[in-house]
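Numbering (mature numbering (1 follows the signal peptide of the UniProt record, and there is no 0)), first residue to last: -18 to -1, 1 to 352. Below you'll find the structure, written out as structure tokens, and then a few comments.
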């Protein structure tokens, strides 16, 4: 009887352990209906670490200066485990429409486990370098469609209370018009306004295709927002998620891509329809040089650490993004697209990675949210 009891306890512990790292479940609950707020555009500050999959991408414009662009992204997992090295984001975050070239991996960094970008006391934050970038080839051909990209990081991000993966939709899963969802990011809080230091979120209702500004790519993009205006993603939110609560989990259905202005009447934001790219994601991860199912271990009670050194050693209080490295080999290039892009994404430049805001480079299209 005692042995049977121990087996039952062990089995129940194993189930609990396995469920601990399921996608789309955060330790800290969302605050979906605050009393007041005026951020993202028309939104509010997210509860710290209630969106543990949210990533801030920092992309150097060149190899010689500290000028950077910033985008959003999300931690995703393609196989169950206790960590991931995959960040989902938008392709236009890495594409220069003026040169037709892609940003090389050495100039891309990911900030995970953060809430307030300027709060150096957040010991949960980590800075990781990109190891590989993978883009949808169609984006380089048409410039706007299939705005999706994957970043493989040099190190595994362990699942903790502050870093967890978001769920992905089923292949070709339908997103009903009128469904209440959310989007989040550190982008502008109003059109031509400042970026937010703290992570913001806002509610967004899925709209009919007829309200999309871009009518050329129905089926692989969708629109969400409020027809009366006042609430939207904006510049600086590119690559971030459009997500919906589904049966107690958070599922990402869209990637912030483009929009005419921010929060304008009858002009909801446009998002890459993620359910149309599930197969692409599955095939893409297999093309990363070091990707394999064996590289992601089953969930355990002890999480791996991101920093080398004694296990008891805490990460530094202030993590600086290193200066871009001088290339040792020519940067990869891409074929120039027939049409070009802009974005919902902001640019900063200055010394010691504490730069004043500057005007972003000019964009051929006014719609993308870089």
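Backbone N, C-alpha and C fix where the C-beta goes; we use that ideal spot for every residue, glycine too. Every value quoted in this text rests on a predicted model; they were computed, and no experiment measured them.
Out of 85, 109, 184 and 127, the CA that lies nearest to the CA of residue 38 is found in 109. Straight-line spacing of the CA atoms in residue 251 and residue 240 works out to 6 Å.
Here the alpha carbons of residue 74 and residue 118 stand approximately 10 Å from one another. Assignment of residue 245 by DSSP, reduced to helix, strand and coil, places it in the coil class. When only Cα atoms are considered, residue 237 and residue 155 end up about 15 Å apart. Here the region 215 to 228 makes contact with the region 162 to 177; the two share three or more CB pairs at distances below 8 Å.
When the alpha-carbon of residue 168 is set against those of 214, 200 and 4, the nearest one is in 214. Shown here, residue 186 sits in a strand according to DSSP, grouped into three states. Inter-segment contact for the region 139 to 147 and the region 64 to 80 is present: three or more beta-carbon pairs are separated by less than 8 Å. Counting along the chain, the unbroken alpha helix (DSSP H) around residue 261 starts and ends at 260 to 267. According to DSSP, residue pairing for residue 47 in a beta bridge does not occur. Judged by their CB atoms, residue 172 and residue 23 are nearer to each other than the 7 Å cut-off.
Where residue 139 is concerned, the enclosing beta strand (DSSP E) starts and stops at 131 to 140.
Apart from sequence neighbours up to five positions away, the residues of its chain that approach residue 260 with a beta-carbon distance below 6 Å are 153, ordered along the chain. The residue among 211, 185, 216 and 151 with its C-alpha nearest the C-alpha of residue 178 is 216. The C-beta of residue 271 has fewer than 16 other C-beta atoms within 10 Å across all chains shown, which makes the residue exposed. Within the same chain, and ignoring the five residues on either side of residue 127 in sequence, the residues whose Cβ sits closer than 8 Å to its Cβ are 120, 121, 198, 199, 202 and 203. Residue 113 is positioned such that its CB atom lies no closer than 7 Å to that of residue 91. Nearest Cα to residue 212 within the set 206, 246 and 33: 246. Following the DSSP letters along the chain, one finds residue 81 in no beta strand (DSSP E), marked with neither H nor E. DSSP places residue 38 inside the beta strand (DSSP E), whose first and last residues are 36 to 42.
Contact holds between the region 28 to 43 and the region 92 to 99, because three or more Cβ pairs, one in each stretch, are under 8 Å apart.
For the pair residue 27 and residue 131, the CB atoms are not nearer than the 7 Å cut-off. Apart from sequence neighbours up to five positions away, the residues of its chain that approach residue 104 with a beta-carbon distance below 7 Å are 96, 97 and 98, ordered along the chain. Going by DSSP, residue 224 is part of the beta strand (DSSP E) stretching over 223 to 228. Residue pairing of residue 166 in beta bridges, as defined by DSSP: 183. Distance from residue 170 to residue 7 at the Cβ level is roughly 30 Å; contact not present, criterion being Cβ atoms closer than 8 Å. Around the C-beta of residue 209, fewer than 16 other C-beta atoms lie within 10 Å, and the residue is accordingly described as exposed. Residue 101 is bridged by DSSP to nothing; it lacks a bridge partner.
Around the beta carbon of residue 223, a 10 Å sphere encloses 16 or more other beta carbons of the protein chains shown; the residue is thus reported as buried. Within the same chain, Cβ atoms closer than 7 Å to the Cβ of residue 40 are found at 50, 52, 91, 93 and 303, the five residues on either side in sequence being excluded. Straight-line measurement puts the Cα of residue 254 at about 15 Å from the Cα of residue 193.
Inclusion of residue 265 and residue 72 in the CB contact set at 7 Å is not warranted, their separation being larger than that value. In this structure, the beta-carbon distance from residue 182 to residue 25 falls below 7 Å. In this structure, 243 is the residue among 62, 86 and 243 with its C-alpha nearest to the C-alpha of residue 174.
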